[in-house]
Every structure is written in structure tokens, then in C-alpha cells.
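Participant: With the sequence shown counted from 1, adding 3 to any position gets you the working numbering.
Glycine included, every Cβ here is placed at the ideal spot set by N, Cα and C.
Keep in mind it's a predicted model, so treat the numbers as computed, not measured.
Got a structure here, written out as C-alpha cells. Questions coming.
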Amino acid sequence: MIRRFLWRCVASVAMLLALAGIPLPGLPTVPFILLSAWAAGKGWPEFELWLLNHPRYGPSIRQWREHGSVSRKAKYLALIMMIFSASLLWLSPAPLLAQILVTTILLGTATWLWRRPE
């Protein structure tokens, strides 16, 4: 019972972060949707089914689960958002170390993402 509750909490928090990532640059949406679907599969089958059948997110979730693939459109959108986020960071008064670390993480993420099948 408690495990089911915890999985539901993880699924809910991940979905809230995904929704927050829609308007906020720098906060990814898709990884949190994938995390939400994964957690829902552990303790909230109805929510997992809803996500898998969702007209917008369902196909991407199924493609990721079955093939580990990401659509080219999603890759381009992610890359644009990463460039936008890094640009805002470099224009901000953030410490140089933070700018370098975040940019390095974004470059690594972009490299990994573009190596995924389509």
C-alpha cells in the first residue's frame, strides 16, 4: 500500500515538473513525462494507460519504451531549447563556473540525444 502511494507520488511530481517545463526554459518536459509514465507503471496503472493513450504524448512514450527512440522533431526542439537556455545563462550574471558546468551538461545531453535512434 505504501509502495503504491510512493509510486503515485513520483508519477505526480514528475508530471507536475513536466507541465512546469512547458513554459520554463531550462526545465525539460519529455524526460519528466517518461519518468511519470515509468513510475505510474509501478503503482498507478490507470494513469500509465492514460499517458500511453494520450494523443500527444502516448506515441513518444511507446517509441521510447519499445526502441529507445526519439523523433527528429523532438530532437530539434530539445536542441533549440538547450541553446536558448544556455544563451540566457551566459547573458545572466551567473558565476562563470555555473555557466561552464551547465553548458557542458547541455552539450553532453545534446550529444546523447542525437545518438538515439529515430
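Tell me the rounded alpha-carbon separation between Tyr131 and Gln66.
Facilitator: The chain is shown from 4 up to 121; residue 131 falls before or after that span and cannot be answered.
Participant: Starting from the Cα of Lys45, find the closest Cα among Ala21, Leu100 and Ile5 and give me that residue.
Facilitator: The residue with the shortest Cα to Cα distance from Lys45 is Ile5.
Participant: Report the option in Glu69, Leu80, Cys12 and Trp93 whose CA atom is closest to the CA atom of Ile25.
Facilitator: Leu80
Participant: Can you say whether Thr107 is buried or exposed, counting buried as having 16 or more other CB atoms within 10 angstroms of its CB?
Facilitator: exposed
Participant: Rounded to a whole number of angstroms, what is the C-alpha to C-alpha distance between Ser166 and Arg7?
Facilitator: No answer is possible for residue 166: the residues shown for the chain start at 4 and end at 121.
Participant: Decide if Ser63 is buried, meaning its Cβ has at least 16 other Cβ atoms within 10 Å, or exposed.
Facilitator: buried
Participant: How big is the Cα-Cα spacing for Ala23 and Thr32?
Facilitator: 8 angstroms
Participant: Determine the direct distance from the alpha carbon of Leu37 to that of Asn56, and round the result to whole angstroms.
Facilitator: 14 angstroms
Participant: Using CA coordinates, which residue listed in Ser15, Trp93 and Trp115 is at the minimum distance from Phe50?
Facilitator: Its Cα nearest to that of Phe50, the residue Ser15 stands out among Ser15, Trp93 and Trp115.
Participant: Suppose only complete runs of 4+ residues qualify. What are the alpha helix (DSSP H) ranges in the segment 37–101, listed by chain order?
Facilitator: 48–56, 61–70 and 75–94
Participant: Between the Cα of Ile83 and the Cα atoms of Leu99, Ser95 and Trp117, which residue gives the shortest distance?
Facilitator: Nearest Cα to Ile83 within the set Leu99, Ser95 and Trp117: Trp117.
Participant: Consult DSSP for Thr32 and reduce its assignment to one of helix, strand or coil.
Facilitator: Looking at Thr32 - three-state DSSP - the assignment turns out to be coil, as it is neither helix nor strand.
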